[in-house]
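Peer 1: Listed in order, the protein sequences are those of chains A and B.
So the first sequence is residues 130 to 526, counted in my numbering.
So the second sequence is residues 130 to 526, counted in my numbering.
The beta-carbon is built from N, C-alpha and C at its ideal position, and this holds for glycine as well.
Number of protein chains: 2
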Amino acid sequence: MQKELILEKINQAAKILNEKNIDMWMTYVRETGNMRDPMLDMIVGANATWQSAFIITKNGDTHAIIGSLELENMKSVGTYKNIHPYLKTIKEKFPDVIESIKPNKIALNYSVNSSLADGLTHGLYLDLLEQFKETDYPKKFVSSEDIVAALRGRKSPSEIKLIKEAIAETLKIFDEVTKFLKPGITEKQVAAFVQNLVKERGFELAWDGEYCPSVFTGPDTAGAHSGPTDRAIEPGHIINMDFGIKINGYCSDLQRTWYVLKPGEDNPPEEVTRGFNVIVESITKAARELKPGKEGWEIDQIARNYIQINGYDEFPHGLGHQVGRAVHDGGALLGPKWERYGNLPTLKIEAGNVFTIEPRLTVDKYGIATVEEMVLVNSDGCEFLSERQKELLIIKS
Amino acid sequence: MQKELILEKINQAAKILNEKNIDMWMTYVRETGNMRDPMLDMIVGANATWQSAFIITKNGDTHAIIGSLELENMKSVGTYKNIHPYLKTIKEKFPDVIESIKPNKIALNYSVNSSLADGLTHGLYLDLLEQFKETDYPKKFVSSEDIVAALRGRKSPSEIKLIKEAIAETLKIFDEVTKFLKPGITEKQVAAFVQNLVKERGFELAWDGEYCPSVFTGPDTAGAHSGPTDRAIEPGHIINMDFGIKINGYCSDLQRTWYVLKPGEDNPPEEVTRGFNVIVESITKAARELKPGKEGWEIDQIARNYIQINGYDEFPHGLGHQVGRAVHDGGALLGPKWERYGNLPTLKIEAGNVFTIEPRLTVDKYGIATVEEMVLVNSDGCEFLSERQKELLIIKS
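Quick look at the structure:
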């Protein structure tokens, strides 16, 4: 199935090259066991030890220039039509292959804005300059960031199916967590419980196991992107968890929020419910405006403003990111125009994009309210891929 | 233990910076979940989502400039003394931190020659040029390849201990394979047996599971760097397997060779034994000359010539590579001066380097004879870390 997925994306890439009027796109790598260009899984499906070039052209041709020891493996992977093995140096094959394409533009994976389009190392870039110093190819080098944003962003039906499967399995695990939570259990114990389920079911974690899941209980927790601690759940805590899995190469990324009733409480305190409801409503408002042609900062601003108008601090991150093979995927980002996000918040949203929507706010003395849903942008709006959390999950003491 | 290992290597890095007269070394990364600079595990031990700079100075100071959401995590990792969190852009902190160091040279992870010193992407390099365009820092950028080669190559006593442990566990698994092999079993079944043992024992594979282990039985097999196939073991086959594991972050990489007796045979045919013995002797001869100050191509040539003098084709790869956190580690390589190896075959071998020695030859009509051992370079020679295979392992039909 991975081979079919890759061929589907290569086919899509050729169409995008036509749309962007770029003749060839080259992913140039080596020692992918040490560091992998993030595009490799999507458009190649093989590893490389020695310098290797994977070329897709506007007319749909594919060329793999690889070390000769990897010829049999590349054949069995079966994703590239023309395979050019070399023994001592890639220069044995490189000039002829490129000459046969006669490109006017050569897209390479470098980008200031997008890490997913930035798999070319600076050393390999210098190597290309040196190899082609007596040609005019270096003048034709352009960034592949538009290609990568389109290709990763516009999910094919098979990709959406895989993402939905990852979401469904993730929500099942959240349900089991709801049964597991009780006072006295630590953040670390919750994380271990979740990771054990993931392992038992043969899934992978969507991100680093140090903070997948992230679990936060009560006030003054460590904050997003921190690992779980020995802090124990207590009555009166808001608990939230950020968690995702990867199945067949595709990710989920979701968050849910619980409240632990104190003895004598039948319902959460009014300020907890209010904070939670502001989060839910901010998601509704943002999703309502999410459609092709919008820019991500516009959607981010809707949720951010709504939360601030309601008297809470703005969240210290973007409202949402794309999800796919990578948990932070695609180009366009639902984020504020902060410099650390580069140009991603001003890229146009496209049909087929899968985004998280994940606002956050702090309820003083109780904890952090967050909900993270996943949505698919369609031709004139968006649909929720995850069944929404619209009410606080309640844990009895 | 990982924290102590990292602090040990940071300390060693500061000494190497003094030796190379470089004031500061900066590992500049982002979205390490998508692509990880290969130095990150050794000298940082944390992930980064937003642009992050990890700086080690000649006087042993360490600075981490990171997104504010990752502050708590970085504190709990505990490997960097000075942590500078930023909210909207790394420029909030970058200039002041570098100004406080006033470096004359700034080593960055880019290298044409070494993938392990080439973790800086071209996009992030362009980002640094832009950020520092009004300063003279860009003129001070130098490649970190000498630092990386020294730091990864000169193993500390704790690193050697971990590598020895990985080797010992690998050899135990080879012993079980010897008991498992028999005619009718396929290469894929052998690989599945091995991967199952690795999983049961809680180890990781040292490289991609598609060809870890690589298993080859009989003549005309797919060749190195190919995955196992449905080809079945038959009497009269030479079988060989290339396999390594990772324990606590450190790798092994070993190969062993078996011969399957035909009905009526008490011993392997003379040409099989002869080919195997040429491999063993080529390892002995190469190891005898392996010592600090030599260059890798000299050692490669000893084994390569010996095999050719004995009437076999030369092997289509280097004689050996360094091993450590990465299965292809360090700088200096025991390889021929082929262009695809860059300058690595001419780097000086140093005490503390751990190398594989892995010659290969084809015995016509029987299969491939390979043995891969691991050695540690000491002050005036080298010692074998793996118990050597000096005789063919025999499988009865």
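Would you please verify whether the beta carbon of His450 of chain B is less than 7 Å from any beta carbon of chain A?
Peer 2: Chain A contact via Cβ: absent.
Peer 1: Which residues of the segment 429-459 of chain B have a Cβ closer than 7 Å to any Cβ of chain D? Give them in chain order.
Peer 2: Here the protein chains are A and B, and chain D is not one of them.
Peer 1: Using a cut-off of 9 Å between C-beta atoms, extract the partners of Arg360 of chain A located in chain B.
Peer 2: Correct list: empty, because the minimum Cβ distance to chain B is about 12 Å.
Peer 1: Could you check which residue in A:Phe303, A:Leu521, A:Asn150, A:Leu463 has the C-alpha nearest to that of Asp395 of chain A?
Peer 2: Checking every option, the nearest Cα to that of Asp395 of chain A belongs to A:Leu521.
Peer 1: To which residues of the same chain is Ile314 of chain B closer than 8 Å at the C-beta, ignoring the five residues directly before and after it?
Peer 2: Cβ within range, chain order: Ala361, Ile362.
Peer 1: Assign Ile107 of chain B to one of two classes, buried (16 or more other C-beta atoms within 10 Å of its C-beta) or exposed (fewer than that).
Peer 2: The requested residue 107 of chain B is not part of the displayed model; chain B covers only 130 to 526.
Peer 1: How is the alpha helix (DSSP H) around Val483 of chain B delimited, first residue to last?
Peer 2: Where Val483 of chain B is concerned, there is no enclosing alpha helix (DSSP H), although the beta strand (DSSP E) it sits in stretches over 483-486.
Peer 1: Per DSSP, Trp154 of chain A is paired with what?
Peer 2: For Trp154 of chain A, which the question treats as bridged, DSSP gives the partners A:Ile185, A:Ala236.
Peer 1: Can you give me the C-alpha to C-alpha distance between Ser287 of chain B and Glu294 of chain B, rounded to a whole angstrom?
Peer 2: When rounded, the distance between both Cα atoms is 11 Å.
Peer 1: Anything in chain A within Cβ reach of Glu316 of chain B, meaning under 8 Å, just list it in chain order.
Peer 2: By Cβ distance, chain A contributes nothing, its closest Cβ being about 12 Å from Glu316 of chain B, past 8 Å.
Peer 1: Quick check on the burial criterion: 16 or more other C-beta atoms within 10 angstroms. Buried or exposed for Thr264 of chain A?
Peer 2: Exposed: under 16 other Cβ atoms inside 10 Å.
Peer 1: I want to know whether the segment 266-274 of chain B touches the segment 340-352 of chain B - three or more CB-CB distances under 8 Å.
Peer 2: No, because fewer than three Cβ pairs between the segment 266-274 of chain B and the segment 340-352 of chain B fall closer than 8 Å, the two stretches do not touch.
Peer 1: Residues of chain A with CB under 7 Å from Gly252 of chain B, in chain order?
Peer 2: Within chain A, the residues near Gly252 of chain B are Tyr239, Ser240, Val241, Asp247.
Peer 1: Per DSSP, Tyr379 of chain B forms a beta bridge with which residues?
Peer 2: Answer by DSSP bridge pairing, in chain order: B:Ile376.
Peer 1: What residues from chain B crowd round Met370 of chain A, counting only those whose CB sits closer than 7 Å?
Peer 2: Correct list: empty, because the minimum Cβ distance to chain B is about 16 Å.
Peer 1: Trp387 of chain B versus chain A: which residues are under 7 Å apart at the beta carbon?
Peer 2: Those do not exist, as Trp387 of chain B stays about 21 Å from chain A at its closest Cβ, beyond 7 Å.
Peer 1: In the DSSP assignment, what residue or residues form a beta bridge with Cys511 of chain A?
Peer 2: Beta-bridge pairing links Cys511 of chain A to A:Val506.
Peer 1: If you compare alpha carbons, which of A:Met503, A:Val306, A:Gln451, A:Pro421 is closest to Asp509 of chain A?
Peer 2: Selected option, being the one with the closest Cα: A:Pro421.
Peer 1: CB Ala416 of chain A to CB Pro488 of chain A, shorter than 7 Å?
Peer 2: No, these two residues do not count as a Cβ contact at 7 Å.
Peer 1: Express the C-alpha separation of Lys138 of chain A and Ile296 of chain A in angstroms, rounding to a whole number.
Peer 2: So the alpha carbons of these two residues sit roughly 22 Å apart.
Peer 1: Can you tell me where the alpha helix (DSSP H) with Thr299 of chain B in it begins and where it stops?
Peer 2: It spans 286-309 - the alpha helix (DSSP H) in which Thr299 of chain B sits, taken as one unbroken run.
Peer 1: In angstroms, rounded to a whole number, what distance separates the CA positions of Lys308 of chain A and Leu249 of chain A?
Peer 2: If you take the alpha carbons of Lys308 of chain A and Leu249 of chain A, they lie about 46 Å apart.
Peer 1: Thinking Glu305 of chain A and Leu334 of chain A are a contact (beta carbons under 8 Å), I'd like their distance in whole angstroms, please.
Peer 2: Actually they do not touch by this definition, with Cβ atoms about 16 Å apart.
Peer 1: In the structure shown, what three-state DSSP assignment does Arg403 of chain B receive?
Peer 2: Residue state, collapsed to three classes: helix.
Peer 1: What distance in whole Å lies between the Cβ atoms of Lys284 of chain A and Val483 of chain A, which are believed to be in contact at a cut-off of 8 Å?
Peer 2: Right, the Cβ-Cβ distance comes to about 6 Å (below 8 Å), so this counts as a contact.
Peer 1: Whose Cβ in chain B lies nearer than 7 Å to the Cβ of Pro357 of chain A?
Peer 2: Here the premise fails: no neighbours, minimum Cβ distance about 11 Å.
Peer 1: Helix, strand or coil: how does DSSP classify Glu443 of chain B here?
Peer 2: Reduced to three states, the DSSP call for Glu443 of chain B is coil.
Peer 1: Leu216 of chain A versus chain B: which residues are under 9 Å apart at the beta carbon?
Peer 2: Near Leu216 of chain A (Cβ distances below 9 Å), the residues of chain B are Pro445, Trp467, Arg469.
Peer 1: Between Asp337 of chain A and chain B, is there a C-beta pair that is closer than 7 Å?
Peer 2: Yes, Asp337 of chain A lies at the interface with chain B (some Cβ there is under 7 Å from its Cβ).
Peer 1: By the 10 Å Cβ neighbour count, where 16 or more other Cβ atoms means buried, how is Gly338 of chain B classified, buried or exposed?
Peer 2: Exposed, by the Cβ-count rule.
Peer 1: How about Tyr209 of chain B and Thr186 of chain B: are their beta carbons less than 7 Å apart?
Peer 2: Cβ atoms of Tyr209 of chain B and Thr186 of chain B: not closer than 7 Å.
Peer 1: On the DSSP bridge assignment, give the partners of Val389 of chain A in chain order.
Peer 2: Val389 of chain A is bridged to A:Ile524.
Peer 1: DSSP state of Lys477 of chain A, grouped into three classes?
Peer 2: Note: Lys477 of chain A maps to strand in three-state DSSP.
Peer 1: Could you compute how far the alpha carbon of Pro357 of chain A sits from the alpha carbon of Gly447 of chain A?
Peer 2: Taking the straight line joining both Cα atoms gives about 22 Å.
Peer 1: Any beta carbon from chain B within less than 7 Å of Asp275 of chain A's own beta carbon?
Peer 2: Output row for Asp275 of chain A: interface = no.
Peer 1: Bridge partners of Val271 of chain B, per DSSP?
Peer 2: BP columns for Val271 of chain B point to B:Ala236.
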